[in-house]
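Following this line, the structure appears as structure tokens:
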């Protein structure tokens, strides 16, 4: 049987976990995530056949978790007093309750509440089971507030990572010997794609050309705080560069590499580019080639168009995009927001 501290630990462990994490290994059951693991432990302790947790805003359920044969939340949830343990006989409302139930509701911030419910068949719950819910009640609101706050922070961090990826950026922290100690999401893929740098599980890098390894080691050993970053050109097509600098942080001196790969318009979906620029699909395909460095003549050959058709199409593009010449198209696309949140084609 679980004791009170163990159930409280499970509650706050659930509050700090992402929903995609594996089930609590100690329980040895397919809990499917932090809240389900907490509910399973609570149901085990109270001998409930089902347990459910609902996070509500006004009378709308935002999130719900359950294990076993859990009861549905009452429609009159807003009539439930907070910090009180209800049984099946004193829950508000007139709906039929044939099975023993215990439920409690707590506030979560200014406009939300959490409802915890237990249900079993046959014999009613023991007095100690109600006491178990009473003990949990003061902690439910703070636990769900923590879960919401951490979820918001994770969402913000994911949006930052998405923007960094969309702009072809990344970062790496190196050791003085050139091993990668930390890296942003997607940095390894950027390095492996065109630069040909492969990062092993221990952080060591395998280089396509040995000279690249020597160059990296040289700039790492020469980096000093306050000096301009050293530039390493990793690939020409697309342009991929690494800026290496030494920086002082609260954790001490770090050797930081800032990575950037030039965006390739060919990887944008033509439909997205067309909608963004207010042009047709065929015009968007021409814009992709121009933004990736092709001349009008080269683009005509790639598309299978005549040079005259390509030139007339380009003039129509300039007019629709309200730019002057090919340079204006490049500025508009390469400096615009079309890259942000876009699905990439391989």
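In UniProt numbering, the protein residues as written are 1 to 346.
For every residue, glycine included, the Cβ atom is placed at its ideal position computed from N, Cα and C.
Since we're looking at a predicted model, the values are computed, not measured.
For residue 235, the three-state secondary structure derived from DSSP is strand. Short of 6 Å from the beta carbon of residue 276, and not among the five residues preceding or following it, lie these beta carbons of its own chain, in chain order: 338. When C-beta atoms of the stretch 238-250 are compared with those of the stretch 150-161, fewer than three pairs fall below 8 Å, so the two segments do not count as touching. In the structure shown, residue 105 adopts extended strand secondary structure according to DSSP, grouped into three states. Cβ neighbours of residue 238 within its own chain (closer than 7 Å, five residues either side excluded): 194, 261, 262, 264.
No Cβ-Cβ contact shorter than 9 Å links residue 167 with residue 184. Between residue 57 and residue 105 the beta-carbon gap is near 13 Å, outside 8 Å, which marks them as no contact. About 11 Å separates the Cβ atoms of residue 232 and residue 211, ruling out a contact at the 8 Å cut-off. Under a 10 Å Cβ-count criterion, residue 109 is classified as exposed, with fewer than 16 other Cβ atoms of the shown protein chains found around its own Cβ. Runs of the alpha helix (DSSP H) lying entirely within the stretch 167-198, each at least 4 residues long, are 187-190 in chain order.
Distances from the CA of residue 325 to each of 226, 303, 127, 287 were compared; the closest alpha carbon is that of 287. Among the bridge pairs identified by DSSP, residue 230 is matched with 244. Using a 10 angstroms sphere on the CB of residue 310, the tally of other CB atoms reaches 16 or more, which defines it as buried.
Take residue 51, set aside five residues on each side of it, and the residues of its chain with a beta-carbon closer than 8 Å to its own are 39, 40, 42, 43, 66, 67, 68, 70, 116, 117, 118, 119, in chain order.
The Cβ-Cβ distance between residue 102 and residue 133 falls below 9 Å. Looking only at 219, 221, 257, the smallest Cα-Cα distance to residue 187 is reached by 257.
Annotation: residue 165 to residue 155 spans about 15 Å, alpha carbon to alpha carbon. With fewer than 16 neighbouring CB atoms inside 10 Å of its own CB, residue 138 falls in the exposed class. The residues 329, 332, in chain order, have a CB closer than 6 Å to that of residue 323 in the same chain once the five nearest residues on each side in sequence are set aside.
Within the same chain, Cβ atoms closer than 6 Å to the Cβ of residue 114 are found at 55, 106, 108, 140, 144, the five residues on either side in sequence being excluded. When rounded, the separation of the alpha-carbon atoms in residue 221 and residue 230 is 11 Å. Counting along the chain, residue 121 sits inside no beta strand (DSSP E), nor does DSSP assign it H or E at all.
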